[in-house]
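Numbering follows the working numbering, in which position 158 of the sequence shown is assigned residue number 158; successive positions increment by one, without gaps. We put the beta carbon where it would ideally sit given N, CA and C, even for glycine. First comes the structure, then the notes that go with it.
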Amino acid sequence: MNIDENREIIIRNRSSDIKVIAIGNMLMRDDAIGIEVAKDIEEKLLGKEIEVIYAETDAQYGISNIQEDNYIFVLDAAYYGKEPGEITCLPLNDFISKKKGCSQHNYSFLDLLKLYYPCVKGEICAIEVKEVEFGIGLSSALQEKLKVISKDVLDKIEKYIINKCRE
């Protein structure tokens, strides 16, 4: 067994509590970038025993697939005024809900996550969009960068796993 095979075995054994949650609306162009990235890297993630959950716009479905001891990577579209395709990664505990009150109606996935699993650990990988409007398919700006974005997200997940293995 060579070093790469050993590394893969360790990664598989240490990554079963990791989940990737893809969020977005497939009918709103670039809002689907998290879903498209998840599709692009799903096979490699499954090979490492990392579950991919396509929550899309169904926050409650996404929440129903999480457990308190999971480490989650949330893939979502964002608009921070940066270059389309740029990824901003934030720890989940840096997310602050702007909701007031305790109703479940109209909560985002991240709102519900904070409500039901306030101690769950993970990261938000927010991918900068160009066009969020009715339509199917990513803008050409994001479609051209999809492979690079996907590789960057996969590298981020693998880096987390490697660091976890060192603990």
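- prompt: Are the CB atoms of Ala22 and Leu75 nearer to each other than 8 Å?
  reply: Contact check for Ala22 against Leu75 passes: the beta carbons are separated by less than 8 Å.
message: Cutting at 6 Å between CB atoms, please list the residues of its own chain near Tyr160, excluding the five before and the five after it.
response: Closer than 6 Å at the Cβ level, and outside the excluded window around Tyr160, lies no residue.
- request: Just tell me which of Gly122, Ala78, Tyr107 and Leu115 has its CA closest to the CA of Asn93.
  value: Nearest of Gly122, Ala78, Tyr107 and Leu115 to Asn93, Cα basis: Gly122.
Residues of its chain near Ile35, where Cβ-Cβ distance is below 7 Å and the 5 sequence neighbours each way are ignored: Contacts found: Ala22, Gly24, Met26, Tyr54 and Glu56.
message: Would you call the region 124–140 in contact with the region 78–87, where contact means no fewer than 3 C-beta pairs closer than 8 Å?
response: Short answer: they touch.
task: Tell me whether Asp31 is buried or exposed, calling it buried when 16 or more other Cβ atoms sit within 10 Å of its Cβ.
output: By the neighbour-count rule (16 or more Cβ atoms within 10 Å), Asp31 is buried.
- request: List the whole-angstrom C-beta distance separating Glu157 from Val37, where the pair is believed to meet the contact cut-off of C-beta under 8 Å.
  value: Checking the displayed sequence, the identity of residue 157 turns out to be Ile instead of Glu. Going by Cβ atoms, the distance from Ile157 to Val37 rounds to 11 Å, so no, they are not a contact pair.
- prompt: Thinking just about the alpha-carbon of each residue, which of Ile162, Phe73, Ala78 and Ile33 is nearest to the one in Lys147?
  reply: Nearest of Ile162, Phe73, Ala78 and Ile33 to Lys147, Cα basis: Ile33.
message: Run through the DSSP bridge pairs and tell me what Ala77 is partnered with.
response: When beta bridges are read from the DSSP output, Ala77 appears opposite Ile127.
- request: Just the C-alpha distance for Phe134 and Asp40, rounded to the nearest angstrom, thanks.
  value: When only Cα atoms are considered, Phe134 and Asp40 end up about 22 Å apart.
message: Please report the straight-line C-alpha distance between Lys99 and Met28, rounded to a whole angstrom.
response: Only weak support is given to the placement of Lys99: the predicted model assigns it a pLDDT of 45, under 50, and the question is left unresolved by the model.
- request: For Ile63, count neighbouring C-beta atoms within 10 Å of its own C-beta (all shown protein chains included) and say buried if the count is 16 or more, exposed if not.
  value: Label assigned to Ile63: buried.
query: How should Ile162 be labelled, buried or exposed, when 16 other C-beta atoms within 10 angstroms of its C-beta is the threshold for buried?
result: Classification of Ile162: exposed, given that the 10 Å Cβ count is below 16.
- prompt: For Ala22, which beta-bridge partners are listed by DSSP?
  reply: Ala22 pairs with Tyr54 and Leu75.
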